[in-house]
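In my numbering, the protein residues as written are 1383 to 1528. The beta-carbon is built from N, C-alpha and C at its ideal position, and this holds for glycine as well. Notes follow the structure.
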Ligand code: HEC
């Protein structure tokens, strides 16, 4: 093997490993997925404490958008279809309807930090208010409490 071929081989190997590492990082890094809320009424910039879509003509669409939004952004911790595997709370037991709305929106906006560890991510600035309430609408359909 000429020294040129050897050098070429080494560079190719090097490139391949760098690309390989890049792929692993990209895979392990969970990027939040934008949620398309087209069709849902906009809610403005004031934060609501109650789900504005519940019991309205927009409820079905909100549920559909919320279902995919949840499974893309929340399920990795809270479980597919909101059935938790135990790492994060099982959101099927979150208080239903208005009783749980305030708690829901505050936790989702601000996340939860315990002793410097960000256990629940902060979603304000990442997801729109419309997307958050769509997820809340979906969670109502998964309610499993009494
Ligand atoms: C990185 C993991 C992770 C992701 C992703 C995540 N959560 Fe959480 N979430 C947690 C943990 C852990 C807690 C519990 C925090 C605590 O100890 O109170 C929590 C708590 C909550 C709570 C309060 C539950 C309760 O019973 O008090 C709500 C509501 C919630 N998450 C909603 C969501 C929604 C909606 C999403 C997606 C937009 C989401 N979470 C994404 C980890 C996550």
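Comparing alpha-carbon positions, which option in the options lies nearest residue i?
i, options, result
"residue 1504", "1467, 1490, 1428", "1490"
"residue 1429", "1448, 1475, 1455, 1507", "1507"
"residue 1432", "1524, 1523, 1525, 1511", "1511"
"residue 1484", "1514, 1446, 1427, 1439", "1514"
"residue 1469", "1493, 1458, 1495", "1458"
"residue 1502", "1471, 1463, 1509", "1471"
"residue 1437", "1480, 1460, 1464", "1480"
"residue 1525", "1498, 1464, 1495", "1464"
Measure the Cβ-Cβ separation of residue i and residue j and say whether it is below 7 Å.
i, j, result
"residue 1473", "residue 1521", "yes"
"residue 1435", "residue 1519", "yes"
"residue 1414", "residue 1455", "yes"
"residue 1451", "residue 1417", "yes"
"residue 1476", "residue 1482", "yes"
Between residue i and residue j, how many whole angstroms is the CB-CB distance? I'm expecting something under 8 Å.
i, j, result
"residue 1478", "residue 1527", "7 Å"
"residue 1516", "residue 1420", "That belief does not hold up - the Cβ atoms of residue 1516 and residue 1420 are roughly 11 Å apart, past 8 Å."
"residue 1453", "residue 1443", "Actually they do not touch by this definition, with Cβ atoms about 16 Å apart."
What are the boundary residues of the alpha helix (DSSP H) that residue i is part of?
i, result
"residue 1455", "1441–1455"
"residue 1490", "1479–1492"
"residue 1511", "1511–1523"
Report yes if the C-beta of residue i is less than 6 Å from at least one heavy atom of the ligand PLP; otherwise report no.
i, result
"residue 1525", "By its list of ligands, the structure shown excludes the ligand PLP, since it contains just the ligand HEC."
What is the residue span of the beta strand (DSSP E) that residue i lies within?
i, result
"residue 1500", "1499–1502"
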